[in-house]
Amino acid sequence: MRIAVIGASGLIGQHIGAELVARGHRVTSVARTPREGVDHALDVETTGVDRWTGLLDGHDGYVFAAGSDDRATPRRPAYPHFRRGNVEPVAALSEAAARAGAGAAVVLGSYYTHFHRAHPEWELAGRHPYIRSRVEQARAARRSGLPVTVLELPFVFGRAGARLPNWAPALASWARSRVPLAAPPGGTAATTARRVAEEAATALEERADRDTPVADENLTWAELLARTAEAVGAPARTRRLPAALVRGALVAGGALAAVSGREPGLHLPGLGDLLLRELFVHPATGSVQRALEETFAR
73 MRIAVIGASG
83 LIGQHIGAEL
93 VARGHRVTSV
103 ARTPREGVDH
113 ALDVETTGVD
123 RWTGLLDGHD
133 GYVFAAGSDD
143 RATPRRPAYP
153 HFRRGNVEPV
163 AALSEAAARA
173 GAGAAVVLGS
183 YYTHFHRAHP
193 EWELAGRHPY
203 IRSRVEQARA
213 ARRSGLPVTV
223 LELPFVFGRA
233 GARLPNWAPA
243 LASWARSRVP
253 LAAPPGGTAA
263 TTARRVAEEA
273 ATALEERADR
283 DTPVADENLT
293 WAELLARTAE
303 AVGAPARTRR
313 LPAALVRGAL
323 VAGGALAAVS
333 GREPGLHLPG
343 LGDLLLRELF
353 VHPATGSVQR
363 ALEETFAR
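Everything in the sequence shown is counted per the numbering used here, starting at 73 for the first residue and increasing by one.
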């Protein structure tokens with residue numbers, strides 16, 4: 073197959089490209105910034121259907137590994153920012169792929185959409201602009217009838233050269249510092265960039281149409297911090313962070329953002345309802361230990 077990987081220079085995009093090549097497929101790499109190994113430098117927010125159609129001509133599918141992540145805090149209202157980054161590019165790609173005769177697609181999404189389906193009573197899309205964008209992104213991807221696999225990703229460990237998860241440097245600095253490690257209740261599912269690449273390649277080969285939450289291991293926040301500290305060579309006891317303190321800090325952060333005219337993608341006053349839960353995905357039968365050690369290698 074010939075596959076266009078959009079976001080090919082990112083951590084997961086690099087792993088997906090390498091996995092596809094290892095399986096004998098051809099890859100067209102697309103990224104925002106021109107650099108060695110990038111075939112097309114395009115901004116997904118400004119590239120229209122006609123341009124995507126020309127690029128996808130002769131391709132069997134595409135992978136969307138770009139977009140806006142949940143750490144962004146744009147000017148309020150926040151949703152238009154996340155729509156421009158996550159929904160509109162995928163809608164354009166979906167139409168372009170149909171015009172070009174591509175046979176399948178993979179979109180990298182968020183495991184929050186998994187919990188949106190599993191727990192409608194949490195009202196995640198209504199409360200959080202970022203999650204709303206991911207829910208609508210999945211709908212936009214299927215608008216033209218193309219088989220699409222949405223990989224719903226939690227914390228992703230691993231590295232690709234110098235490329236790390238965006239959150240990893242700050243977490244490593246905390247673990248190496250003298251500031252005590254403190255974890256609230258709750259936890260998260262976790263996976264690896266390599267596992268995501270394998271899932272993406274298989275979905276394209278099968279021309280699958282499904283929503284797939286990806287998880288290798290479920291970790292409490294205390295376990296995640298302790299294993300990070302161990303990986304950076306600064307093992308330390310993780311203390312208990314009271315849930316009330318976390319909620320209070322998030323409410324204060326939300327008020328500060330409002331005063332500055334900004335709005336986070338994850339509504340801070342309601343974020344405690346997520347962070348303090350065990351956002352675990354089942355089945356999770358693997359391990360992220362090796363990728364975690366690679367992420368925080370000294």
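Backbone N, C-alpha and C define an ideal beta-carbon position, used for all residues, glycine too.
- At least 9 Å separates the beta-carbon of ALA197 from that of SER166.
- Taking all protein chains in view, the Cβ of GLY89 is crowded by 16 or more other Cβ atoms within 10 Å, so the residue is classified as buried.
- Secondary structure within the stretch 73–117: the alpha helix (DSSP H) runs of 4 or more consecutive residues, fully enclosed, are 83–94 (chain order).
- Minimum Cα-Cα distance from PRO341 among the listed residues ALA176, GLY139, VAL102 and ARG199 corresponds to ARG199.
- According to the DSSP assignment, PRO201 belongs to the alpha helix (DSSP H) that extends over 201–213.
- In the displayed model, ARG282 falls within a strand according to three-state DSSP.
- For GLU160, there is no enclosing beta strand (DSSP E); the residue is found in the alpha helix (DSSP H) stretching over 160–172.
- The residue from THR185, ASP132 and VAL220 with its alpha-carbon nearest to that of GLY173 is ASP132.
- For the set TYR151, ARG309 and ARG282, the Cα lying nearest the Cα of ALA210 is the one of ARG282.
- When the alpha-carbon of SER140 is set against those of ARG156, PRO149 and LEU127, the nearest one is in ARG156.
- Here ALA363 has PHE229, GLY230 and THR264 as same chain residues with Cβ atoms under 6 Å from its own Cβ, once five neighbours each way along the sequence are excluded.
- For LEU180, the enclosing beta strand (DSSP E) stretches over residues 176–182.
- In the DSSP assignment, GLY259 falls within the beta strand (DSSP E) that extends over 259–264.
- Of THR185, GLU335, HIS87 and GLU365, the smallest CA-CA separation from ALA306 is found for GLU365.
- Partner residues in the beta bridge of ALA254, as assigned by DSSP, are ARG311.
- Taking C-beta atoms under 8 Å as the contact rule, PRO285 and TYR183 qualify, at a distance of about 5 Å.
- Where GLY344 is concerned, the enclosing alpha helix (DSSP H) starts and stops at 340–347.
- Only residues of its own chain outside the window of five on either side were considered, and among them THR145, PRO146, ARG147, ARG148, PRO149, ALA150, PRO201 and ALA329 have a CB closer than 8 Å to the CB of GLU335, listed in chain order.
- Spatial neighbours of ARG299 in its own chain (CB-CB distance under 8 Å, excluding positions within 5 residues in sequence) are listed in chain order as LEU291, GLN361 and LEU364.
- For the options THR310, ALA240, ARG266 and VAL331, the alpha carbon positioned closest to that of ARG250 is the one of THR310.
- LEU218 and LEU296 have their C-alpha atoms spaced approximately 38 Å apart.
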